[in-house]
Each structure stands twice: as C-alpha cells, then as structure tokens.
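A.B. asks: Can you keep this structure in mind? I'll have questions shortly.
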Amino acid sequence: MTTLTEHSAAPGPGSSTAAAAAQALNKTYGKGDTAVHALRDVDVRFETGTFTAIMGPSGSGKSTLMHCLAGLDSADSGHIWIGGTEITSLKDAEITRLRRDSVGFVFQSFNLVPTLTAEQNITLPVSLANGKVDAAWLAEITRTLGLEGRLKHRPHELSGGQQQRVAVARALLTRPHVIFGDEPTGNLDSRSGAEVLSLLRRSSREMGQSIIMVTHDPVAASYADRVVLMNDGALVGELNNPTPESVLAALTKLGA
Amino acid sequence: MLQVALAQVRLNARRFIAVGVAVMIAVGFLTATLIINASSKASLTQSVGQSFRNADLVLSAAYDDDAGSWATLDEQTAEVAGSADGVEDTYAVLSSSVAVRDGRGSSYAVLANLPDDVSLLPVDVVKGSLPAATGEVAIDEQTADRRGITIGSVLPVVSSDNLEGDETPLTVTALVEASSDPRSMGATQLYATAATVAPFANLEFGFDSIQLALADNASATAVQTALTQALSDAGIKAVTVRTVEEETTELMAGFTGGQDSLTVILLAFAAVALLVCALVVSNTFSVLVAQRTRELALLRCIGAGRSQIRRSVLVEALLVGIVSSIIGVLAAVGLVGGIVAYLRTLPESGFATLDVPPLAVAAGIAAGVILTVLAALVPARAATAVAPLAALRPADDVRAGTRKGRVRLVSGLVLTAAGAALLGYGASQGDLLVALPGGILSFVGILMCSTLFIPPLVRAVGFLASPLGVPGKLAAVNAVRNPQRTSATSSALLIGVTLVVMMMTGAATARSAFNDTLAGEFPVDVTVSGAIPVESPFTAKDAAAAAAVDHVDQAAFLPVAGLIDRDGEEVPVYSLDPADSQVLQDASMVPEAGTITMPQGTEGEMLTVRGAAGDVELKIVTSESRNFSPLVSTDTARLLGGVPEEQTPEQFRAQPMLWIAVADGLNTPSIMELQTALAEALNIQDYQVTGAAIERAAFEQVIDVLLMVVTGLLGVAVVIALVGVANTLSLSVLERTRESSLLRALGLTKGQLRGMLGLEAVLIAGVAALLGLGLGAVYGWLGAQSALGGFADVTPALPWVQLAGVLAVALVAGLGASLLPARRAARLSPVAGLAAD
Chain A
1 MTTLTEHSAA PGPGSSTAAA AAQALNKTYG KGDTAVHALR DVDVRFETGT
51 FTAIMGPSGS GKSTLMHCLA GLDSADSGHI WIGGTEITSL KDAEITRLRR
101 DSVGFVFQSF NLVPTLTAEQ NITLPVSLAN GKVDAAWLAE ITRTLGLEGR
151 LKHRPHELSG GQQQRVAVAR ALLTRPHVIF GDEPTGNLDS RSGAEVLSLL
201 RRSSREMGQS IIMVTHDPVA ASYADRVVLM NDGALVGELN NPTPESVLAA
251 LTKLGA
Chain B
257 MLQVALAQVR LNARRFIAVG VAVMIAVGFL TATLIINASS KASLTQSVGQ
307 SFRNADLVLS AAYDDDAGSW ATLDEQTAEV AGSADGVEDT YAVLSSSVAV
357 RDGRGSSYAV LANLPDDVSL LPVDVVKGSL PAATGEVAID EQTADRRGIT
407 IGSVLPVVSS DNLEGDETPL TVTALVEASS DPRSMGATQL YATAATVAPF
457 ANLEFGFDSI QLALADNASA TAVQTALTQA LSDAGIKAVT VRTVEEETTE
507 LMAGFTGGQD SLTVILLAFA AVALLVCALV VSNTFSVLVA QRTRELALLR
557 CIGAGRSQIR RSVLVEALLV GIVSSIIGVL AAVGLVGGIV AYLRTLPESG
607 FATLDVPPLA VAAGIAAGVI LTVLAALVPA RAATAVAPLA ALRPADDVRA
657 GTRKGRVRLV SGLVLTAAGA ALLGYGASQG DLLVALPGGI LSFVGILMCS
707 TLFIPPLVRA VGFLASPLGV PGKLAAVNAV RNPQRTSATS SALLIGVTLV
757 VMMMTGAATA RSAFNDTLAG EFPVDVTVSG AIPVESPFTA KDAAAAAAVD
807 HVDQAAFLPV AGLIDRDGEE VPVYSLDPAD SQVLQDASMV PEAGTITMPQ
857 GTEGEMLTVR GAAGDVELKI VTSESRNFSP LVSTDTARLL GGVPEEQTPE
907 QFRAQPMLWI AVADGLNTPS IMELQTALAE ALNIQDYQVT GAAIERAAFE
957 QVIDVLLMVV TGLLGVAVVI ALVGVANTLS LSVLERTRES SLLRALGLTK
1007 GQLRGMLGLE AVLIAGVAAL LGLGLGAVYG WLGAQSALGG FADVTPALPW
1057 VQLAGVLAVA LVAGLGASLL PARRAARLSP VAGLAAD
C-alpha cells in the first residue's frame, strides 16, 4: 500500500510523544543572488519508536534538515524539539550535552576515532559524559551486532561493515531519544549495507528506538517505516511502509 | 608545477606563518649579531679616529727594533714634516697629565696644546672662544657640566708629578665638546696654548702625534711617500706616516681583539638558533606533505613526475625562506638601528654608528634560504614517495610510516656511546678540550635516536593525564600518534632546554666549587683589623657593635693570645671563642684546647707559643684553609696570659681584630655599604675593613650576569622551538578536523576539546623539558668538572629553583602554544568539519 499525501501536520510545542520535531524551519546559505534556501518553512514530526528515512535529490536540503534536527547546525528561524526539549534556544555547551545524552549518530564514513579501540569508540559518548557504562546493555548490543570478537580492535583493523556496526552500537548504547543516520550505508557493499539496515530496523521494532536516516538509495529507504520526501528545501510528501519501487516512483515524480 | 607551488603558498599562507616566524627569528638573530659587530666597529672607528679627524696625515712613533725602545716624535721630526711639500699646517700634539684641585682634593686631567691653525683641533668649540693667551684654558663640556665650571671659572692646576707643588691658576675661556676617543674618555680634557702647556710637559717623551693638514691640491699618498723618504734622509727612524684611515685601522687593531671573540660566541648562539629552526622547518614541511598526500597523488595521477613533485615542495620552501629571511633581516636592521639611535641620544655614547654591511644582509638571507630549503629536502623526498593510487584511497586514516631509519638509529647510538665515553674521560681528567667534542657528539647522537625514547616517554607521562577522562586519554594517544613528528617537535625544544639547563647547572656547580676554593683562601667573610697607630684597641664591646649592623650574621672578637716565631719573624696568635666558630667558613679551623690551628701545609708536630704567663707547647692542627692567622681556643689563651712584655715598639704590636660573618646572598654594592656601615659603627677607617665577602659577591655577580646573558641568548632557540610546538599542533589540528568534528558531534564540549589540545601540547613540551632538565644537568655538571676539575673540587650543584622555573616556563609556554590552534579547532562547527574533504 503506497500513499502519497501532503506533508504531515505541524507538531505543537511540547508535543512530548515526538522523538524529534521541527516547526517553520528556515535556513539560507549565502546572500543576494547566490543565496541558497536550504530549508523553507519546514514543519515535520518524527514519532517515537519509528524509523524514518529522509529522501530527496542532491541539494534538496535533506542533510541540512538532519544537521539542524541533531543540533549540529543552527537554523535561521523556526523551532526544533528533541524528545520534548526545544533546542533552538540552547547554548552550545547545552546542545553538546544533549547530543551526548539524547542523540546518537551514524555517519557515512569517518565514524570512529582512529586512536581508540572498537569498545572505546562504542562507550565514547558515555565516557565523555563521565557516565557509567551499562555493562549488560553493552553486552547485549555487541552480541546482537556480532561485534564480540572485535571489541579490542582499532578501526583500521575492521571492515567497513564492521566499522558501521560499531557506530550503530555506539548510537544505541545511550538509549538516545533519536538516532540520526547520514547515509549510513553509503560506503558499504550491498551485503554489508543490508546487514546494517536490518540492524537499524530491528532496533526500531524490537527496542522501540527512534531513527531518522538521510539517504538517496531507494533500497535503503525501503527499510524504514516512513519516507519523507524533500525537494528545494521543502517537504514535498511522504510514504508510509515504502518499498524500493514505491520510493523510486515517488522520486521520479519529483522530477529528480 | 611552479604554478601549483605558488598557489599552495598563496592559498595556504596561514600554514606557512609559523615556519616563517621561526626562520625570521633565527635569521634576525644572525643578522643582528653581524650588524652589531660591524656597528660597534664603526662606532669605535668613529671614536678612535676623533683625535685626528681634521688631519690628512698622521705621524706617530713606532717601536725601534735597532734601538730597542720606542721612538720619540721630537722637534726635528715636526720641522721635517712641516717643511715637506704640500703640507700646509702642522699640529704637534703635546699633552701632559695634570691635576686640577678642588675643594675635596684633586682630579686628573689631560692638558693638551692647541694647534696654530684651529681647524686641526679635533673637537668643536661649544661656547666661548679658544684660549689665546697664557693662563687661559678650554675645558670639555661634560666635565664642566659635572663640576659646575663655567666660562670665567679659575682652575688651580698642578703638575701630576708634583702634587704638592705650586698651583697655576688657569681661566676658562671656552667649553669644547668632549672627545669620544676611548683613550681620553672619562678624563677631564683641557686645551691651552703651547706656552701654557710647556711648564707641565716633559718634552723628553716627545709629541703624542704630529698631525698634518695638506694643501687642497696635494695628493695624500704622494706627500706620504715623499715625507717618509725625507724622514729617513734626515736620519729619523721608527716614525710612521699614515693617512687618517690607516692610523685608525692601526689603532683599532689594538681594541678589537676582545670584541671579535664576543662575535664568535654570539655566532655560536646564532648557530644553535638556526639548528633549532631547521628542525622546526623540516618538521612543518613533513606535516604539510603528509596532509597533502591525496593532492600530491592526484598530481601524480594526472602525470606529474617525481622530480616535479619534489621541485614543487622545494619551491614552496624557497619562497617561504626568501620572504621570511628578508623580513628577518629587516627586523634585525630595525632593531639594531633603534638601539643605535637610542645610544646616540646618550652623551657618553653619542659616537654610536649604525653600519649595515652588505655581507651581513647577504649572509642573513642566504643562511635563511639555504636552511629552509635544506630542511625541506627530506619532506620533499617523502612527497615523491606518494603513489598515484593514494589519490583513490580514502584518506581517513593516513598513517605516516613509522619506519625508523635503522642506519640513523645505529649511528645515533654509536655517536652517543662514543661521545659519552669521550665526555666522561674529559671530565675525569679535567680536560675541557676532550670533553667538549664528546659532549657535542653524544648530544647529536641522542637527538638522532630521539624517536627511540621520546614517544615512549610521552606515552608514559601521558598516563598521568588518564584521570582527566576521555580528553586526557585522547590527548595522551594523540601526542604520540605520529612518533616521528612528536620526536622532531620535542627535539627542537629539547636542544634549547638542554643548553639553558646546562648553563644553569654548570654555573651553579662552578659557583659552589669557587665558593669552596674561596672559603679556603679567605675563611672569614669580613676582617676588621686594628688601626695603626693604635688609638683604642678593639674590645668585646666592638664585636657587639659590629653584630648590630644590618646584614651581619655574627661578629667575633679575637684578642692576641701570644706570639710564635715563624721564619725569624714574630707572628701573633689569636684566640677564638669556640662559641663564635660560626664566623668561619671552614669548620676545620675551629681550635680545640691544647692545639693551635695553622694554615694548610704547615709542617711539624708541636709549636711553642710565647705568652705573658710563659711558654706553652701546643699540638699543630692544620686546616684546609691557607690564609689566616694562627688560632688557639680561649682556654689555651688563658694559659698564655696575653702578649709577652717585650721591647717591640707599641705601634708595631699586634692588635685584636674582629671577624665577621655576613648574611648570604648580598650583592657587591650592599656588601660595600655593609663595609662602610661597619667602619662607621666602629668609628674606624674604611681600609681597616677587608675580606672575602666582596670577592665572593663580585664573582657571583659575574656568574649571574653571564648566566642571564647566555640564558637570554639561548632563549631565542627556545622561543623558536615553541613556535614549532604551536605549529605542529595547529597542523595536527587541521589534519584531525574531521575527527574533532566527530568528537564534537558525539558530545565533546568546546572546553573539553581545547583542554585536550592543551594537554597534548603540555605533554610534548613537558617531556622535552624534563629530558632537557636531565640531560642539561648531566652536561652542566660534567662540563664544570672538565673546565674546573683541574684546580677545584667539583661537586654537582643543582639550582632547583631555576630548574623548576624552566619546567614551569616550558609547560606554560606549551599550553600557550596550544591556544591558537585550539581556538581554531573549537570554532569549527561539527558539520563544517564533517563536510570537509
């Protein structure tokens, strides 16, 4: 079942059920003639426990939206909530703290600190917060992700797929409100990519983990519960329960 | 490829700033040294030449080998010179030493005759008119200012040969500028007519010089040749005829001996600065090349040859070298120019002249450029090793090869061992000429194998940072991420710190050795002897009065206990209360009952001391000190009962004296004040107060000043090395942009990031400083042992406070070096960093 509807309703302030939400988000790069509207009045809401993919052609603003939602970048105007906390007015140190406590990241590449072992990389956000690692949870994650034998290795001794799984483990360890993935499978062969995507879907379904992933791969997007489509900095539609075919069709409709 | 190199320098100018600063400082130091040397020579020429600045030719007396004495410039010589063709005026300078009396006593002055033609007078008239009649005199304005002499003042002058003789009153008619000729500087300069000078002068010694002014159309060299011939025809021997320039050069030779050795020493320091700079440059270029691996690989992909890549890197080095060397030279010229301009405003150094020899400029620029290019050779070769394929690989984890040059390591170890053996041998034999090359060799060896021990040491010290959490751990790991780079950065600092600490330890060790020697030579700080003729001999009350003077630690009263006969002379024996033994620097001198303490080397077992109560046989105890009067204890003195009644006239009898210990750490002026204060408190003459304290203080002052100067000079090398630390760190920061961004994204705060980088810099600088402290202390001690071991007992002395200061400076400076790179790293938003590349 594929439906292409108008974009979802704006979340209200204090909407506690949303893992992340944005309201009237605007961001412009450059000035005058060369100005690029990366985000135009974006209203979006990501429900807790769902796995959402943000899709769109290159330059559609999908990465900018994710960076703003994650507090990595600041918007020109508008509001952003992560787990009920509005972050738009927070200071850098507060956002940093929020990031290490409530947000997880899986990037396309360069996910791991090369001087640390896999285990140290996984526990890095907890260590940065001077927190205590939940050993049982860590054991469960590493077992689920098949990393038990690799914990003492350094990143350059791991395969690309293993590196991404370490990044997923790191994101899961803090039980964040939301995990952001920026093309997490972009650098992987299709088998490793499928493995990582299945892991993400399982953690969403079985552990109730909210995940927001930016991708331009329709196959990757089809692992999500919902696909949000962007073009020219604006939300242009969404798909629920996507398949690779329905995503491709929707993208083609965008003229991408 | 030239285009690529130019674009590199233009676009990444910021990355080259630190290299430029390092080269600039080193080149500036070198050039400033050369310019100072040339300028001080020029200033000296200016001042030496002043005495005959208005003449064309100068006749002066030389040593007559045949006669075995110096020639004299007599009247006949002056006549021959004056009658030579082309000579217009003659000024036979006749000067004599006189004394000018004033209220307080008399001061010496040099009275010289005026030339017939005043244009030959080497000084300008400031005020009034030159003396024309007998009994008139001109005086230099500096003395006039100082002594409140004005035109019309009358100076009572006597011949310095007969100070008690009759005064000749001379009336001041003119003030003239003071000559800056170093031979007359500081003395009062008087000028009068020949008739006035004649009664004071002794013509047997001849004229000082005969200065000639030539006719406008006469050629100096022609007159010089003709006159030399005429003198020899007239049978006048050993008189030289020189042009003013020749005469100045000749005189200069007598002055510059010491100055050239100063230049050599300064150049040695400049060489150290250049060496450190080369390390910093080489290191920076290695990092720059490592960062551009992908770019270089891309160039190789599209067809650039290895030699083109190498040339590109070298051209960058050349450009940076040229630009920073020129700036360095300009800075040096500006600096020395400023100093000279300031000196010119001071009356006593108005002759200061700035001389920028083209050679100094050329040498500065050449040294800077050659150094930069040579230092970039190794990194340039590394650049050619980049495979074209590297462009296609992700550059996430570019790990610089940690392949340690085995050849380098082995030769480093061999050098270290050989140098250490040589140094040890030199130190044990007290032979500096053996120890010095040994020290240099072993240090070069240690630097060559620095990759062996610096990274492990940094790692070990890094463990100390672990309690600081993740930033601490990461800092420790990052500090040794590239062992070679860390080693090179630390080595640059290591050189400077080692040399500074070596000087400090050497100075402290030398000081303690000299103190021991001085203590042996002069066992008492200050001795106050009785006045001759005797008015009121000292009593124990005087000791109490002396002890009340500021900075006096203890004062002992030493009455004469008896007399002994040594080599046919009566020598007084003094008694010292053992309770006062603290006044002695040498504990072996304290007398016990039944013994007499004699200077080192006294032979014999027993000695008879004559006292008023009879003779007493005492056992001889020799002390380590050499220079003091024989001592007995108060108990023994009681047995002797004082000086025997003899026929010695009262004024020649030995008198009681006071021995005084002064507080530690006084400088020469305060000890001189203390001596005056003592003389006042005891109501005696200054000359009665003598002792070793002043010598010791003067010696310590010399060491302190030398140490300060040397530390300052070596400080330049340390500053360059710290620029290197900042540079390496900021390049590492650039290299790790993505990693920093990742850490920031994962929740590292800006403060933690800055702290992490600061810690990294502190680790590198701290380990270099620690190693430098250790090495410097050993070198300093062995150096002092080699230099002084021949004639003093050398025990190592560590100046703890100074060493702690060096460590603190290194740590703070290391932290300071991290400020800019850390700020840049923290400013970068996580997104920007992750998006890069």
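Residue numbers (our numbering), protein chains in the order written: chain A, 1 to 256; chain B, 257 to 1093.
Beta carbons are placed, not taken as given, at the ideal position from N, Cα and C, and that holds for glycine.
Starting from Val808/B, follow its DSSP beta bridges and name the residues at the other end.
C.D. replies: Working through the second sequence from its first residue, we reach residue 808/B at position 552. According to DSSP, Val808/B bridges with Val918/B.
A.B. asks: Counting only beta-carbon atoms, is Leu724/B nearer than 8 Å to chain A?
C.D. replies: Start at 1 with the first residue of the second sequence, and residue 724/B comes out as number 468. No - not a single Cβ of chain A is within 8 Å of the one on Leu724/B.
A.B. asks: How should Gly1032/B be labelled, buried or exposed, when 16 other C-beta atoms within 10 angstroms of its C-beta is the threshold for buried?
C.D. replies: Taking the second sequence and counting its residues from 1, one reaches residue 1032/B at position 776. Gly1032/B comes out buried.
A.B. asks: Compare the C-beta of Ala1001/B against all C-beta atoms of chain A and say whether one is closer than 8 Å.
C.D. replies: Translated into positions along the second sequence, residue 1001/B becomes position 745. Output row for Ala1001/B: interface = yes.
A.B. asks: Measuring alpha carbon to alpha carbon, tell me which of Met66/A, Leu72/A, Ser109/A and Cys68/A ends up nearest Ala167/A.
C.D. replies: The residue you call residue 167/A lines up with position 167 of the first sequence. Here the closest residue by C-alpha is Ser109/A.
A.B. asks: Could I get the ranges of all uninterrupted alpha helix (DSSP H) runs contained in the region 213 to 238 of chain A, with 4 residues as the minimum, in chain order?
C.D. replies: Correct list: 218 to 221.
A.B. asks: Would you mind sorting Asp345/B into buried or exposed? The rule is 16 or more other CB atoms within 10 Å of its CB.
C.D. replies: Residue mapping note: residue 345/B aligns to position 89 of the second sequence, counting from 1. Buried, because 16 or more other Cβ atoms sit within 10 Å of the Cβ of Asp345/B.
A.B. asks: Under a three-way DSSP split, which group does Thr1005/B fall into?
C.D. replies: For this step, residue 1005/B is matched to residue 749 along the second sequence. Reduced to three states, the DSSP call for Thr1005/B is coil.
A.B. asks: If I follow the unbroken alpha helix (DSSP H) through Arg566/B, where does it start and stop?
C.D. replies: Within the second sequence, numbered from 1, the residue matching residue 566/B stands at position 310. Residues Arg562 to Arg600.
A.B. asks: Determine contact between the region 855 to 867 of chain B and the region 914 to 930 of chain B, defined as no fewer than three beta-carbon pairs at a distance below 8 Å.
C.D. replies: Contact fails: fewer than three Cβ-Cβ distances are below 8 Å.
A.B. asks: Candidates Val1065/B, Val1034/B, Leu1059/B and Val1062/B: which alpha carbon is nearest Thr1051/B's?
C.D. replies: By 1-based counting over the second sequence, the position of residue 1051/B is 795. Out of Val1065/B, Val1034/B, Leu1059/B and Val1062/B, Val1034/B has the C-alpha closest to the C-alpha of Thr1051/B.
A.B. asks: Residues of the region 41 to 62 of chain A in Cβ contact with chain B at a cutoff of 7 Å, in chain order, please.
C.D. replies: Going along the region 41 to 62 of chain A in chain order, one finds no residue with a Cβ nearer than 7 Å to chain B.
A.B. asks: Under a three-way DSSP split, which group does Gly867/B fall into?
C.D. replies: Walking along the second sequence from the start, residue 867/B turns up at place 611. Of the three classes helix, strand and coil, the one that applies to Gly867/B here is strand, per DSSP.
A.B. asks: Based on the DSSP output, what are the partners of His37/A in its beta bridges?
C.D. replies: By 1-based counting over the first sequence, the position of residue 37/A is 37. According to DSSP, which records beta bridges pairwise, His37/A is partnered with Thr28/A.
A.B. asks: Would you give the residue range spanned by the beta strand (DSSP E) that Ala448/B belongs to?
C.D. replies: The sequence position of residue 448/B within the second sequence is 192, counting from 1. Its beta strand (DSSP E) spans residues Thr444 to Ala448.
A.B. asks: Tell me which residues share the same chain as Leu470/B and place their Cβ nearer than 8 Å to its Cβ, disregarding the 5 neighbours each side in the sequence.
C.D. replies: Translated into the one-based positions of the second sequence, residue 470/B becomes position 214. Around Leu470/B: Asp312, Leu313, Gly342, Val343, Glu344, Ala476 and Val479.
A.B. asks: Does the distance from the CB of Ser385/B to the CB of Thr429/B come in under 8 Å?
C.D. replies: Taking the second sequence and counting its residues from 1, one reaches residue 385/B at position 129. Taking the second sequence and counting its residues from 1, one reaches residue 429/B at position 173. Yes, the pair counts as a contact, with Cβ atoms nearer than the cut-off.
A.B. asks: Using DSSP with H/G/I as helix, E/B as strand and the rest coil, what is Thr484/B?
C.D. replies: If you number the second sequence from 1, residue 484/B lands on position 228. The answer is helix: DSSP assigns Thr484/B an H, G or I state.
A.B. asks: What is the DSSP secondary structure of Thr117/A, reduced to helix, strand or coil?
C.D. replies: The residue given as residue 117/A occupies position 117 in the first sequence. Coil, per DSSP.
A.B. asks: Would you call the CB atoms of Leu1038/B and Ala674/B closer than 8 Å?
C.D. replies: Counting from one through the second sequence, the residue named residue 1038/B turns up at place 782. Counting from one through the second sequence, the residue named residue 674/B turns up at place 418. Contact: no.
A.B. asks: I think Ile565/B touches Met280/B, with their Cβ atoms under 8 Å apart; what is that distance to the nearest whole Å?
C.D. replies: By one-based count along the second sequence, residue 565/B stands at place 309. By one-based count along the second sequence, residue 280/B stands at place 24. Rounded, the Cβ-Cβ distance is 27 Å, inconsistent with contact.
A.B. asks: So with Cβ pairs under 8 Å, would you call Arg659/B a contact of chain A?
C.D. replies: In the second sequence, the residue the question calls residue 659/B occupies position 403. Residue placement at Arg659/B is poorly supported in this model, since its pLDDT is 49, which falls under 50; the coordinates are not used for a value here.
A.B. asks: Near Asn369/B, what residues of its chain come up, given a Cβ to Cβ distance below 6 Å and the 5 sequence neighbours on each side ignored?
C.D. replies: Counting from 1 along the second sequence, the entry for residue 369/B is found at position 113. Cβ within range, chain order: Leu350, Ala450 and Val453.
A.B. asks: Does chain A have any CB closer than 8 Å to the CB of Leu720/B?
C.D. replies: Walking along the second sequence from the start, residue 720/B turns up at place 464. No, Leu720/B does not count as interfacial toward chain A.
A.B. asks: Quick check on His153/A: does DSSP put it in helix, strand or coil?
C.D. replies: On the first sequence, position 153 is the one that residue 153/A refers to. His153/A falls in the coil class under three-state DSSP.
A.B. asks: Would the beta-carbon of Leu69/A fall within 8 Å of that of Leu39/A?
C.D. replies: Start at 1 with the first residue of the first sequence, and residue 69/A comes out as number 69. Start at 1 with the first residue of the first sequence, and residue 39/A comes out as number 39. Result no, Cβ atoms of Leu69/A and Leu39/A do not sit closer than 8 Å.
A.B. asks: Whose CA, out of Asp833/B, Glu1016/B, Val336/B and Gln810/B, lies closest to the CA of Ala490/B?
C.D. replies: The residue you call residue 490/B lines up with position 234 of the second sequence. Among Asp833/B, Glu1016/B, Val336/B and Gln810/B, the Cα nearest to that of Ala490/B belongs to Val336/B.
A.B. asks: Using a Cβ-Cβ cut-off of less than 7 Å, list which residues of the region 69 to 94 of chain A approach chain B; keep chain order.
C.D. replies: Listed by position along the chain: Leu72, Asp73, Asp92 and Ala93.
A.B. asks: Looking at the secondary structure, which residues open and close the beta strand (DSSP E) in which Pro425/B lies?
C.D. replies: Within the second sequence, residue 425/B is the residue found at index 169, counting from 1. Start and end: Thr424 to Val432.
A.B. asks: Starting from the beta carbon of Thr96/A, find every residue of chain B whose beta carbon is closer than 8 Å, and list them in chain order.
C.D. replies: As a working note, residue 96/A is residue 96 in the first sequence. By Cβ distance, chain B contributes Arg1000, Gly1003, Leu1004, Thr1005 and Lys1006.
A.B. asks: Measure from the alpha carbon of Gly694/B to the alpha carbon of each residue in Leu713/B, Pro711/B, Leu703/B and Leu671/B, then state which is nearest.
C.D. replies: Numbered from 1 along the second sequence, position 438 holds the residue referred to as residue 694/B. Checked all of Leu713/B, Pro711/B, Leu703/B and Leu671/B; the closest Cα to Gly694/B is Leu671/B.
A.B. asks: Within the continuous beta strand (DSSP E) that includes Ile466/B, where are the two ends?
C.D. replies: Locating residue 466/B in the second sequence gives position 210, counting from the first residue. That run of the beta strand (DSSP E) goes Ser465 to Leu470.
A.B. asks: Please confirm if Arg741/B has its CB atom under 8 Å from at least one CB of chain A.
C.D. replies: Here residue 741/B corresponds to residue number 485 of the second sequence, with the count starting at 1. By this cut-off, Arg741/B is not an interface position.
A.B. asks: In whole angstroms, what is the alpha-carbon distance linking Ala835/B and Gly718/B?
C.D. replies: For the purposes of this step, residue 835/B is taken as residue 579 along the second sequence, with counting starting at 1. For the purposes of this step, residue 718/B is taken as residue 462 along the second sequence, with counting starting at 1. Whole-angstrom Cα-Cα distance: 55 Å.
A.B. asks: I need the DSSP call for Gly1070/B, collapsed to helix, strand or coil.
C.D. replies: Within the second sequence, numbered from 1, the residue matching residue 1070/B stands at position 814. In this structure, Gly1070/B counts as helix in the three-state DSSP scheme.
A.B. asks: Grab the span of the beta strand (DSSP E) containing His79/A for me, first residue to last.
C.D. replies: On the first sequence, residue 79/A is found 79 positions in, with the first residue counted as 1. Note, His79/A: beta strand (DSSP E), Ser77 to Ile82.
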